[in-house]
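Below is one structure, written out as C-alpha cells; the observations come after it.
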Amino acid sequence: MVGSLLLSVVYGYEVVASDDKLVEVVETAVAGFAQAAMISNYYVNVIPWLQHIPAWFPGAEWKRKVNVWRSQTEDMLNMPFEWTRSQMAAGNAPPSMLATLLAQCTGDETAEEIDSIRWATGTLFAGEPHSLFSIHLTSLNLLYFQAGTDTSAATVLVLIMAMAMHPEIQAKAQAEIDSVLQGVRLPEISDRDSLPYIECIVKEVFRWKSVVPLGLPHVSTQDDTYRGYFIPSGTPVIANIWLEALFIIVCSKIAPNSRFKGNEQR
C-alpha cells in the first residue's frame, strides 16, 4: 500500500495489481539494497581498495552481485521516469511530483539537470543515496538506497501499535480530526495547522520507535573535528538517532502532549 501511494505521488503511476511489473522491479532492487546495507557483509566497505579487484577474480562474488544491483537500480530509476514522460507526451499524465518538475522545464536543460530530476524523484521514492557505498563503489556506479517504502510502512505499523497501546490518545486524535474534517473528507496539507495534536503524534511516533535508530552510515567529505574528536575525510560515521540511553529510559512511553506543543518541540 505504501509503495503504491509513493508511486502515485511521485510518478502519477497507479498500481492496479499485486504482480505489477513496476512494483516487482522496485522490490527486486530493494532486496539487493537490504543485503548491501550491512557494512559487515562486504569487506569493501571497510577496505576501499578492494573495489579495484576485477569481477572475475576468485572470491569477488560480491562485485558480481553489485553489477546486478547496479542494473536493477537503473531499472528502478528509469522505468517510472520514462513512463511519466511518455504519459506527458501523450497529454494524459496524472498529477505527480515528476510531472510538475518536468512541466517547469523549458527545453534548454542539460542532460545533467534532467538526471538530477531523475535522481530527485527516485530517491524520494526509494530513499536516500547511501554515501558510504557511493564512495567505495563509485567505479561500479552503484548507490545504495534506504528504502522509503519499507521505512514508511514500518512507521505506519508503529503508529498502529501506539494507538492500540494508548486508546485514550487515539480517541483524542480522532476527536480533533472529526472537529476539523466533520467526517466528510480526508485531511489535506492545508489542514496541518488545524491539527496540532495529530502533528504531535506524528513526531512522537518518529521519536518513540525509530525504524532506523542508528540512521545510515555516512562518510565525511572533509577533515572535521567534533567535540575534540578528529574525523579524517572518508571516515564512515554512524549517528545515534536515540541520542543516549538516558533519553531512551526517560522517554520510553509515547506521550505527544508532554513533549510537543503545537508544531514546536520543547
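Sequential numbering of the sequence shown, starting at 1, is according to full-length UniProt numbering. We treat Cβ as the ideally placed atom computed from N, Cα and C, and that holds for glycine. All figures in this text were calculated on a predicted structure; none of them were measured in a lab.
message: Alpha carbons only, please: which of 120, 110, 112, 108 is nearest the one belonging to residue 100?
response: By 1-based counting over the sequence shown, the position of residue 100 is 100. Ranking 120, 110, 112, 108 by Cα distance to residue 100 puts 120 first.
- request: Express the C-alpha separation of residue 165 and residue 208 in angstroms, rounding to a whole number.
  value: Here residue 208 is taken as the residue at index 208 of the sequence shown, counted from 1. Here residue 165 is taken as the residue at index 165 of the sequence shown, counted from 1. When rounded, the distance between both Cα atoms is 13 Å.
Integer Cβ distance of residue 75 from residue 17, believed to fall under 8 Å: Numbered from 1 along the sequence shown, position 75 holds the residue referred to as residue 75. Numbered from 1 along the sequence shown, position 17 holds the residue referred to as residue 17. Not quite, the Cβ-Cβ distance comes to about 19 Å (not below 8 Å), so this is no contact.
message: Give the list of continuous alpha helix (DSSP H) stretches no shorter than 4 residues that lie fully inside the region 162-238.
response: 167-181, 196-208
field: Burial state of residue 159, where buried means 16 or more other Cβ atoms lie within 10 Å
entry: Numbered from its first residue, the sequence shown carries residue 159 at position 159. Looking at its Cβ environment, which holds 16 or more other Cβ atoms inside 10 Å, residue 159 is buried.
field: Unbroken alpha helix (DSSP H) run spanning residue 103, endpoints
entry: If you number the sequence shown from 1, residue 103 lands on position 103. Here the alpha helix (DSSP H) through residue 103 covers 97-103.
message: Under DSSP, the alpha helix (DSSP H) around residue 80 begins and ends at which residues?
response: Translated into the one-based positions of the sequence shown, residue 80 becomes position 80. Here the alpha helix (DSSP H) through residue 80 covers 61-90.
- prompt: Between the C-alpha atoms of residue 55 and residue 171, what's the straight-line distance to the nearest angstrom?
  reply: To locate residue 55, count along the sequence shown from 1; it is residue 55. To locate residue 171, count along the sequence shown from 1; it is residue 171. In this structure, the CA atom of residue 55 is about 58 Å from the CA atom of residue 171.
task: Express the C-alpha separation of residue 215 and residue 242 in angstroms, rounding to a whole number.
output: Here residue 242 corresponds to residue number 242 of the sequence shown, with the count starting at 1. Here residue 215 corresponds to residue number 215 of the sequence shown, with the count starting at 1. Cα to Cα, residue 242 sits roughly 10 Å from residue 215.
Short Cβ contact (8 Å threshold) for residue 223 with residue 217: Start at 1 with the first residue of the sequence shown, and residue 223 comes out as number 223. Start at 1 with the first residue of the sequence shown, and residue 217 comes out as number 217. Not a contact, by the Cβ cut-off of 8 Å.
Per-residue burial, residue 43 [other beta carbons within 10 Å of its own, 16 or more giving buried]: Along the sequence shown, one-based indexing puts residue 43 at 43. With fewer than 16 Cβ atoms within 10 Å of its Cβ, residue 43 is classed as exposed.
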